[in-house]
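Peer 1: Before I ask anything, here is the structure I am working with.
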Amino acid sequence: MIEIKNIYKKFGKLEVLKDINLSFKNGECIALIGPNGCGKTTLIKSVLGMVIPSKGDILVDQKSILKKYKYREQIGYMPQIGRYPDYMTVGQIIEMIKKIRNSDQELDEDLINAFELEKIFDKQMRTLSGGTTQKVSAILAFLFNPDVLILDEPTAGLDPLASEILKEKIIKEREKGKLILITSHLLSELDDMISQIIFMQDGKVHFHKTIADLLESTNEQKISKAIAKILKSESNEQNH
Amino acid sequence: MKKNLFLFFLFLLFSSFLHAKVIEVGANKPMKSIKKAIALAKIDDTVLVYNGVYKEGNIVIDKKIIFIGKDYPVLDGQKKYEVLSVKADGVIVKSFKVINSGYGTLDDPCGIKVYNRKNVIIQDNILDNNFFGIYIQNGTKCIVKNNKIKAYGKQEQLIGNGIHCWKSDSIQILANTISGHRDGIYFEFVTNSMVRRNISIHNSRYGLHFMFSNDDAYISNVFKNNGAGVAVMYTHRVKMYNNYFLENWGDSAYGLLLKEITDSNIIGNHFNENTSGIHMEGITRTRIEKNVFKANGWGMNIQASCMDNVIKNNNFVGNTFDISTNGSLVLNTFNSNYWDKYEGYDLNKDGVGDVPYRPLSLFAVLTERNPSTMLLFRSFMITLLDKSEKILPSITPDNFIDKTPLMHSMSL
Amino acid sequence: MNRIIKIIFLDILKNKIVLAYTLILALLSWSSFGLEDNSAKGLLTILNVILFTVPLVSILFATIYLYNSSEFIELLLSQPIKRKKIWLSLFLGLSLSMVAAFFIGTGIPLLINAPDSVGIMMIVVGCLISVIFVALAFLGSILTRDKAKGIGIAIMIWLYFALLFDGMVLFLLFQLSDYPIEKAMVAVTALSPMDLARIQILLQLDVSAMMGYTGAIFKDFFGTSLGLIMSFMLLCLWVVIPFYISLKKFKNKDL
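Protein chains in written order, with UniProt numbering: chain A, 1 to 240; chain B, 1 to 412; chain C, 1 to 255.
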């Protein structure tokens with residue numbers, strides 16, 4: 001579904017992505033993890049066309065996305081920090097995006113109901129808390145039933161209840177056979193959802209494994225512990 | 001005996017009336033030729049010419065007759081001859097259409113020319129396409145009235161003047177309309193004369209042009225859209241009242257160009273939409289009062305050679321520049337004019353502004369020194385410079401000032 | 001595209017600054033015609049508005065709006081919309097609202113008080129100046145991510161065209177006054193949209209003065225129909241070129 005081929009990205013002198021090669025298939029739920037500043041968000045934004053890679057190519061459905069835009073109809077994106085025009089209300093934002101997309105597809109309004117967002121439709125975006133803003137972002141990502149969902153730190157800032165609702169929604173969508181790409185710091189949150197994991201460091205893919213492989217090779221039950229074990233053994237190797 | 005003598009004089013009087021006969025000329029009349037009619041005529045006879053076209057070359061009137069046309073008979077010079085030459089005192093020429101005089105730069109052929117005579121009246125004629133229109137050479141007490149003079153000169157060198165007076169005295173030029181000549185009205189060495197209610201438009205050089213013509217008056221004329229406006233030079237005691245100087249546009253075009261004029265009055269005139277309303281060089285002791293300067297490029301251009309002039313009670317409205325000058329010495333007086341650019345106040349409400357006005361803008365000085373700066377006119381930077389100059393004069397002469405500027409325009 | 005323009009246009013119209021700008025323009029225009037006893041002076045005030053207020057407000061407002069809508073741009077970018085379309089929509093929306101503000105504030109009083117060639121020329125030129133400075137704002141704001149820097153650039157651009165450029169021309173005119181530079185100076189004005197606009201208005205406003213002296217040279221060029229067409233083409237280039245450069249840059253910008 002998505003193939004990333006030899007992507008490089010430089011911001012000035014800073015190399016953020018170095019020769020990234022990845023491919024994702026439908027029905028997978030992939031976690032993209034790694035320390036701060038490892039290039040996760042840049043990678044995601046490259047897929048979205050918001051960052052233009054210095055070198056390399058990205059294919060969605062075997063077609064290059066560089067200089068294209070139509071493919072974004074298939075992608076729902078939830079940014080890490082959603083930034084919206086201050087003076088628009090929640091309802092206006094949702095209406096506006098609907099107008100821009102102008103799609104006759106059936107809308108997925110599950111999350112609007114689950115988050116009970118109708119109550120605050122007439123509130124201006126600048127008056128919303130971070131968590132509520134995230135809810136709006138989540139709704140927009142899922143609204144048009146996209147085949148690919150890219151969620152950048154989806155649960156950060158959400159209260160436990162909302163977080164749970166979102167997780168359920170993600171699992172539900174995965175079962176529909178969608179490709180879901182999640183970045184997160186909170187490894188414990190990912191347990192029930194993901195099928196593959198990518199660990200990035202210093203702009204490179206450190207490893208890309210299925211969860212089953214990961215747990216097996218480390219003899220652990222939990223993803224967080226497995227990751228910790230790998231990192232620990234590596235740092236030990238480096239120290240010796 | 002006395003009674004007989006009286007009867008004798010009465011007889012003489014009547015006989016002179018009887019002798020003053022009318023000779024009719026026309027296609028249907030016994031007399032077909034104007035020249036023959038004039039030859040036959042005695043002093044004080046009338047030659048009455050009926051409608052028709054007369055191509056008789058140069059017609060010379062050499063005795064005191066009344067020469068009159070009926071329904072504008074055409075005298076055609078066929079582009080070869082001077083059409084009508086007046087060589088006798090007291091001749092009256094009336095109601096002819098004089099066309100196609102010869103062309104020549106040496107002998108200046110004319111529609112109608114008066115040679116060294118007195119009391120000639122040229123009235124109600126139409127002059128069309130002549131080299132010179134009406135030419136009065138060394139005339140005295142002649143009247144040129146109500147003529148319509150038109151030519152189609154394209155170049156200055158190829159056309160003469162509409163009404164040309166040379167070395168004459170006590171001439172009256174009244175209510176004529178002149179267009180398409182080189183100078184509409186031209187005076188050289190003409191004294192004690194009056195030019196009144198004429199309209200001079202679309203002439204290729206000056207609407208009115210005079211030199212060395214002292215003690216003349218120019219009243220209620222209209223000079224419009226002439227190549228270079230009106231030029232007045234080397235003359236004393238000129239009176240110019242209530243004239244209109246309009247739309248004289250172009251490089252070196254002036255509403256009124258004054259050069260070496262002394263002791264004159266320029267009062268009640270209107271200068272509208274000229275490149276330069278008045279351009280003055282070497283003007284002395286002249287009063288410029290109650291004129292209106294409106295929408296000119298430059299209202300007045302006063303060269304440094306002018307002195308002791310009084311510029312008073314004029315309206316300056318909507319001119320690009322009200323005043324410009326080329327020097328820093330100011331020997332003229334500005335008093336009680338209305339300047340629409342004045343931004344002062346009048347606390348005691350006497351209609352006179354409480355702060356003096358400096359009519360000379362910085363930019364007027366800049367363009368005088370370097371005409372190309374016109375390119376920057378009305379730019380924001382120039383406006384700033386002008387404003388600061390008004391507060392702290394540095395380049396403009398600080399005695400160039402109207403101490404009693406009026407708050408409201410006068411109705412003139 | 002129309003949907004996005006409409007959204008942006010409506011969003012700007014709701015902005016109180018545009019409303020205030022329109023009101024101030026209207027106030028200036030009506031009062032300058034109402035207070036002065038001759039309309040020529042009113043026209044001069046409006047000329048200063050066109051050369052001073054309109055460019056300043058256009059460039060500053062457009063710059064600030066662009067920076068403030070960076071979130072909005074980001075949101076749009078994650079949607080299936082061409083980058084070109086987003087940028088063009090922003091440009092058209094901003095231009096349209098600046099032109100509308102100018103037209104309502106100044107154009108209408110002009111049409112009522114001076115419905116002649118001067119008034120019409122002023123309206124056309126004022127609209128063009130609005131659009132040109134919006135285009136320059138796009139160019140300025142794409143150069144830097146920092147809002148404060150961007151506003152600084154906008155003010156510098158305005159200052160350059162309002163003051164510095166003319167100052168340099170004046171300097172050159174006096175330095176080179178011994179040479180026949182009038183024709184060259186005509187060419188130099190093409191480098192400043194404000195000068196082009198000003199001279200076109202001058203030719204209508206100060207006909208008498210422009211007929212004399214060097215004015216005639218400018219009149220011979222700018223006053224002919226060829227000169228008029230050339231001037232307007234150049235003014236249009238002042239819209240197209242800065243916007244086109246900014247569009248190129250925006251297409252390759254990382255957000």
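Positions of the beta carbon are idealized from the N, C-alpha and C atoms, including for glycine. From a predicted model like this one, the values you see are computed outputs, not experimental measurements.
(1) At a Cβ threshold of 8 Å, is residue 212(B) touching chain C?
(2) Which chain C residues are close to residue 116(A), counting only those with a beta carbon under 8 Å from its beta carbon?
(3) To the nearest angstrom, report how far apart residue 259(B) and residue 374(B) are at their CA atoms.
(4) 8 Å is my cut-off, CB to CB: does residue 78(C) come that close to chain A?
(5) Who are the Cβ neighbours of residue 150(C) in its own chain at under 8 Å, not counting the five residues just before and after it?
(6) Would you call the region 306-314 of chain B and the region 379-392 of chain B touching, i.e. three or more CB-CB distances under 8 Å?
(7) Quick check for students: name the residue ranges of the alpha helix (DSSP H) that lie wholly in the region 13-100 of chain B, counting only runs of 4 or more.
(8) When the cut-off is 8 Å and only beta carbons count, does residue 72(A) lie next to chain C?
(9) List the residues of chain C whose Cβ lies closer than 8 Å to the Cβ of residue 99(A), in chain order.
(10) Assign residue 88(A) to buried or exposed, taking buried as 16 or more other Cβ atoms, counted over all protein chains shown, within 10 Å of its Cβ.
(11) Do residue 40(A) and residue 32(A) have their C-beta atoms closer together than 8 Å?
(12) Name the chain A residues whose beta carbon is nearer than 7 Å to that of residue 71(C)?
(13) Are the C-beta of residue 181(C) and some C-beta of chain B separated by less than 8 Å?
(14) Counting along the chain, where does the alpha helix (DSSP H) carrying residue 30(C) start and finish?
(15) Which residue's Cα is closest to the Cα of residue 100(A): 116(A), 110(A), 70(A)?
(16) Taking the runs of the beta strand (DSSP E) that are 3 residues or longer, which of them lie wholly in the region 288-350 of chain B?
(17) So, for residue 170(A): in the same chain, excluding its five sequence neighbours on each side, which residues have a beta-carbon less than 8 Å away from its beta-carbon?
(18) Over what stretch of residues does the beta strand (DSSP E) that includes residue 230(B) continue unbroken?
(19) Taking the alpha-carbon positions, what's the residue 263(B) to residue 236(B) distance?
(20) Whole angstroms is fine: what's the gap from residue 290(B)'s alpha carbon to residue 405(B)'s?
(21) Fully enclosed by the region 345-399 of chain B, which alpha helix (DSSP H) runs are 4 residues long or longer?
(22) For chain C, is any of its Cβ atoms less than 8 Å away from the one on residue 51(A)?
(23) Across the region 246-255 of chain C and the region 214-234 of chain C, are there enough close Cβ pairs to call them in contact, namely three or more that are closer than 8 Å?
(24) Give every residue of the same chain whose Cβ lies closer than 6 Å to the Cβ of residue 123(C), excluding the five residues on either side of it in the sequence, and list them in chain order.
(25) Less than 7 Å separating the Cβ of residue 149(A) from some heavy atom of the ligand SAH?
(26) Using only alpha-carbon positions, find the residue among 255(C), 184(C), 155(C), 197(C) that is nearest to residue 60(C).
(27) What are the boundary residues of the alpha helix (DSSP H) that includes residue 147(C)?
(28) DSSP on residue 2(C), reduced to helix/strand/coil?
(29) Suppose the cutoff is 6 Å on Cβ atoms and the five residues either side in sequence are ignored; what does the same chain contact list for residue 130(B) look like?
(30) Going along the chain, which residues of the region 356-377 of chain B sit with their C-beta nearer than 9 Å to a C-beta in chain C?
(31) Identify every run of the alpha helix (DSSP H) within the region 40-94 of chain C, keeping only runs that are complete inside it and at least 4 residues long; order them along the chain.
(32) How far does the beta strand (DSSP E) with residue 222(B) in it extend, from its first residue to its last?
(33) Closer than 9 Å between beta carbons: that is the criterion. Which residues of the region 157-174 of chain C meet it against chain A?
(34) If we cut at 8 Å on Cβ distances, does residue 316(B) have a partner in chain C?
(35) Would the region 206-224 of chain B count as touching the region 171-190 of chain B if we require 3 or more Cβ pairs under 8 Å?
(36) Which value, in whole angstroms, describes the spacing of the CA atoms of residue 320(B) and residue 120(C)?
Peer 2: To lay it out plainly:
(1) No, because no Cβ of chain C sits closer than 8 Å to the Cβ of residue 212(B).
(2) The CB of residue 116(A) never comes closer than 8 Å to any CB in chain C; the least such distance is about 23 Å.
(3) C-alpha of residue 259(B) to C-alpha of residue 374(B): approximately 25 Å in a straight line.
(4) Closer than 8 Å: yes.
(5) So the list reads 63, 66, 67, 140, 141, 143, 144, once near-sequence residues are dropped.
(6) Short answer: they don't touch.
(7) Runs found: 34-40.
(8) For residue 72(A), at least one C-beta of chain C is nearer than 8 Å to its own C-beta.
(9) Within chain C, the residues near residue 99(A) are 3, 7.
(10) The residue in question, residue 88(A), is buried, as its Cβ has 16 or more Cβ neighbours within 10 Å.
(11) Yes. Within cutoff.
(12) Ordered by position in chain A, the residues that pass the 7 Å Cβ test against residue 71(C) are 83, 84, 85.
(13) Yes, contact with chain B.
(14) Start and end: 16-35.
(15) Answer by Cα proximity: 70(A).
(16) 292-294, 298-302, 310-312, 315-317, 321-325, 333-335, all fully within the region 288-350 of chain B.
(17) Cβ within range, chain order: 29, 149, 151, 154, 180, 182, 193.
(18) Run containing residue 230(B): 229-236, per the beta strand (DSSP E) assignment.
(19) Their Cα atoms are separated by approximately 6 Å.
(20) For residue 290(B) and residue 405(B), the distance between alpha carbons rounds to 14 Å.
(21) Runs of the alpha helix (DSSP H) inside the region 345-399 of chain B: 362-369, 380-391.
(22) Contacts with chain C at 8 Å (Cβ-Cβ) include residue 51(A).
(23) Counting Cβ pairs under 8 Å, fewer than three are found: no touch.
(24) Excluding residues within five positions, the ones whose Cβ falls inside 6 Å are 107, 110.
(25) For the structure depicted, the ligand SAH is absent and the ligand set is empty, with no information on it obtainable.
(26) With distances taken between Cα atoms, residue 60(C) lies closest to 155(C).
(27) Unbroken alpha helix (DSSP H) run through residue 147(C): 147-159.
(28) The answer is helix: DSSP assigns residue 2(C) an H, G or I state.
(29) Sequence-distant Cβ neighbours of residue 130(B) in its own chain, meaning closer than 6 Å and more than five residues away, are 101, 111.
(30) So the close ones are 366, 367, 369, 370, 371, 372, 373, 374, 375, 376, 377.
(31) For the region 40-94 of chain C, whole alpha helix (DSSP H) runs of length 4 or above, ordered along the chain, are 54-68, 70-77.
(32) Its beta strand (DSSP E) spans residues 222-224.
(33) Listed in sequence order: no entries.
(34) False, the Cβ-Cβ gap to chain C never drops below 8 Å.
(35) The region 206-224 of chain B vs the region 171-190 of chain B: in contact.
(36) C-alpha separation (whole angstroms): 20 Å.
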